[in-house]
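Chains A and B supply the protein sequences, listed in that same order.
Count the first sequence with our numbering and you get residues 1 to 110, in order.
Count the second sequence with our numbering and you get residues 1 to 112, in order.
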Amino acid sequence: QKEVEQNSGPLSVPEGAIASLNCTYSDRVSQSFFWYRQYSGKSPELIMSIYSNGDKEDGRFTAQLNKASQYVSLLIRDSQPSDSATYLCAVNTNTDKLIFGTGTRLQVFP
Amino acid sequence: DAGVIQSPRHEVTEMGQEVTLRCKPISGHDYLFWYRQTMMRGLELLIYFNNNVPIDDSGMPEDRFSAKMPNASFSTLKIQPSEPRDSAVYFCASSFGTDEQYFGPGTRLTVT
Numbered sequence: 001q002k003e004v005e006q007n008s009g010p011l012s013v014p015e016g017a018i019a020s021l022n023c024t025y026s027d028r029v030s031q032s033f034f035w036y037r038q039y040s041g042k043s044p045e046l047i048m049s050i051y052s053n054g055d056k057e058d059g060r061f062t063a064q065l066n067k068a069s070q071y072v073s074l075l076i077r078d079s080q081p082s083d084s085a086t087y088l089c090a091v092n093t094n095t096d097k098l099i100f101g102t103g104t105r106l107q108v109f110p
Numbered sequence: 001d002a003g004v005i006q007s008p009r010h011e012v013t014e015m016g017q018e019v020t021l022r023c024k025p026i027s028g029h030d031y032l033f034w035y036r037q038t039m040m041r042g043l044e045l046l047i048y049f050n051n052n053v054p055i056d057d058s059g060m061p062e063d064r065f066s067a068k069m070p071n072a073s074f075s076t077l078k079i080q081p082s083e084p085r086d087s088a089v090y091f092c093a094s095s096f097g098t099d100e101q102y103f104g105p106g107t108r109l110t111v112t
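Listed below in structure tokens is the structure:
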């Protein structure tokens with residue numbers, strides 16, 4: 001079983017819609033959770049971090065964490081074509097390391 | 001802040017040659033990570049350092065790979081000899097503490 005799982009996509013949403021990206025993890029002791037955005041040919045860019053259950057909002061982005069269900073999600077409101085990228089979920093399992101999922105490719109069409 | 005700096009950005013070399021990738025972490029960060037990314041395997045952690053000391057190199061694929069961090073502002077990843085299957089994008093990332101990692105622009109390595 002993979003430690004961090006994401007649907008590879010592509011997830012296609014129309015401009016202006018809400019994009020919902022999901023991630024599950026296997027290690028119950030995980031404490032820190034991150035979302036990275038990676039444009040094609042570029043490096044991963046940290047966009048959100050979340051440490052406690054519930055929602056965390058930053059502009060058009062909302063991260064949601066449910067430790068009981070071992071589930072973390074990223075909502076992108078008012079999706080724009082510029083949001084088209086691969087979104088990587090990363091989890092810190094109480095070690096020095098982040099475990100990355102394989103990423104979900106998001107396509108926002110006009 | 002300039003962010004994490006990597007060089008070269010692109011490297012094309014022939015099989016059997018030595019390749020050295022370089023990284024300058026963000027000033028003040030105490031962790032440095034080397035990753036490799038391919039379409040097939042995604043983002044893989046190769047090795048990481050804390051305060052210039054290698055902590056975990058279990059991701060280094062073979063003895064052909066080695067990494068050093070002689071001081072807080074410089075690290076190298078060396079492949080000797082290189083093979084075509086080493087072709088990938090190599091990222092360096094740094095962090096203060098163990099959480100939010102910031103990635104450099106990467107080095108795209110092609111071994112022919």
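By construction, the Cβ of each residue, glycine as well, lies at the ideal position given by its N, Cα and C atoms.
Look up residue i in the DSSP assignment and give the residues it is bridged to.
i, result
"residue 64 of chain A", "A/55, A/73"
"residue 42 of chain A", "BP columns for residue 42 of chain A are empty, so no partner."
"residue 17 of chain A", "Residue 17 of chain A is not bridged to any residue."
"residue 37 of chain B", "B/43, B/89"
"residue 95 of chain B", "B/31"
"residue 22 of chain B", "B/7, B/76"
"residue 68 of chain B", "B/76"
"residue 31 of chain A", "Looking at the DSSP assignment, residue 31 of chain A forms no beta bridge with any residue, so it has no partner."
"residue 56 of chain B", "B/48"
"residue 5 of chain A", "A/24"
"residue 92 of chain A", "A/32, A/98"
"residue 86 of chain A", "A/38, A/105"
On the CB-based measure, 16 or more other CB atoms within 10 Å of its CB, does residue i come out buried or exposed?
i, result
"residue 39 of chain B", "exposed"
"residue 54 of chain A", "exposed"
"residue 110 of chain B", "exposed"
"residue 52 of chain A", "exposed"
"residue 15 of chain B", "exposed"
"residue 83 of chain B", "exposed"
"residue 63 of chain A", "buried"
"residue 92 of chain A", "buried"
"residue 109 of chain A", "exposed"
"residue 69 of chain A", "exposed"
Comparing C-alpha positions only, which one of the options sits nearest to residue i?
i, options, result
"residue 79 of chain A", "A/10, A/20, A/5", "A/20"
"residue 48 of chain B", "B/92, B/3, B/106", "B/92"
"residue 68 of chain B", "B/59, B/52, B/80, B/19", "B/52"
"residue 87 of chain B", "B/65, B/60, B/64, B/112", "B/112"
"residue 64 of chain B", "B/101, B/33, B/20", "B/20"
"residue 35 of chain B", "B/57, B/70, B/14, B/99", "B/57"
"residue 94 of chain A", "A/84, A/65, A/33, A/87", "A/33"
"residue 84 of chain A", "A/107, A/69, A/64", "A/107"
"residue 42 of chain B", "A/69, A/89, A/25, A/56", "A/89"
"residue 45 of chain B", "B/60, B/101, B/94", "B/60"
"residue 75 of chain A", "A/8, A/98, A/47, A/4", "A/47"
"residue 81 of chain A", "A/7, A/68, A/11, A/3", "A/11"
Which residues in chain A have a C-beta closer than 9 Å to the C-beta of residue i? List them in chain order.
i, result
"residue 101 of chain B", "34, 36, 44, 46, 90, 98"
"residue 48 of chain B", "96, 97"
"residue 104 of chain B", "43"
By the criterion of Cβ-Cβ separation under 7 Å, what are the contact partners of residue i in chain A?
i, result
"residue 55 of chain B", "96"
Kindly list, in the order they appear in chain B, the residues whose Cβ is closer than 9 Å to that of residue i.
i, result
"residue 103 of chain A", "42, 43"
Counting only Cβ pairs nearer than 8 Å, list the residues of chain B close to residue i.
i, result
"residue 49 of chain A", "99, 100"
Closer than 8 Å by beta-carbon distance: list the chain A residues that pair up with residue i, in chain order.
i, result
"residue 91 of chain B", "43, 44"
Open item on the list: Could you check whether the segment 20 to 31 of chain B touches the segment 40 to 47 of chain A, counting it as contact only if at least three pairs of C-beta atoms, one from each stretch, sit closer than 8 Å?
Closed with: no
Open item on the list: Taking contact to mean 3 or more Cβ pairs, one atom from each stretch, closer than 8 Å, check whether the segment 12 to 27 of chain A and the segment 68 to 75 of chain B are in contact.
Closed with: no
- [ ] Inspect the CB distances between the segment 1 to 9 of chain B and the segment 21 to 34 of chain A and report whether three or more fall short of 8 Å.
- [x] no
- [ ] Say whether the segment 101 to 109 of chain A touches the segment 104 to 111 of chain B, bearing in mind that this needs 3 or more beta-carbon pairs closer than 8 Å, one atom from each stretch.
- [x] no
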